[in-house]
Every structure is written in C-alpha cells, then in structure tokens.
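To start, the structure itself, in structure tokens.
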Amino acid sequence: MAVSSTSSVTLSANDRLVAGVFALLIGAFLVFGAGLANSAVLHDTAHDTRHSYGFPCH
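Below, the structure is given as structure tokens:
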C-alpha cells in the first residue's frame with residue numbers, strides 16, 4: 000500500500016514577481032534567439048547536441 004503526502008509553500012508577491020520576470024526573460028531569449036538565429040547555426044547546434052548524447056546521425 001502506497002502512502003503519499005502533499006505539502007505546499009506560499010510565496011510572497013516579491014518572489015512571484017521575480018519568478019515571473021525570470022520566466023519572461025528566458026522565454027524572450029528562446030523566441031528571439033531561435034527566431035533570429037541563422038538556420039545553419041541552429042542545425043549545427045542540434046547536430047552537436049545529438050552527438051553529445053551519443054546518437055550517431057551520419
């Protein structure tokens with residue numbers, strides 16, 4: 000028989016604001032970084048990441 004428990008943590012308004020701004024900055028970086036990057040750069044990055052995980056692709 001499995002027993003689970005749940006707990007919650009309340010965050011202050013300042014903590015929520017900091018987390019929201021941080022998430023917004025990361026999202027903007029991802030959207031504009033991928034949207035404005037040269038397609039060859041994105042391809043090479045994906046290719047190198049695939050090799051770093053040990054998946055051969057050629």
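Using numbering that gives the first Met the number 0, the first residue of the sequence shown is number 0, and each one after it goes up by one.
Note that beta-carbon positions come from the ideal geometry of N, C-alpha and C, so glycine has one too.
Owing to the predicted nature of the structure, the values given are computational and were not obtained by experimental measurement.
(1) Looking at the structure shown, is Ala22 part of a helix, part of a strand, or coil, going by DSSP?
(2) Distance check for Cys56 and Ser3, CA to CA, integer angstroms please.
(3) Quick one: Cα of Arg15 to Cα of Tyr52, how far?
(4) Run through DSSP, which three-state label would Phe28 get?
Working from what's here:
(1) helix
(2) If I take the Cα positions, the gap works out to 43 Å.
(3) 35 Å
(4) helix
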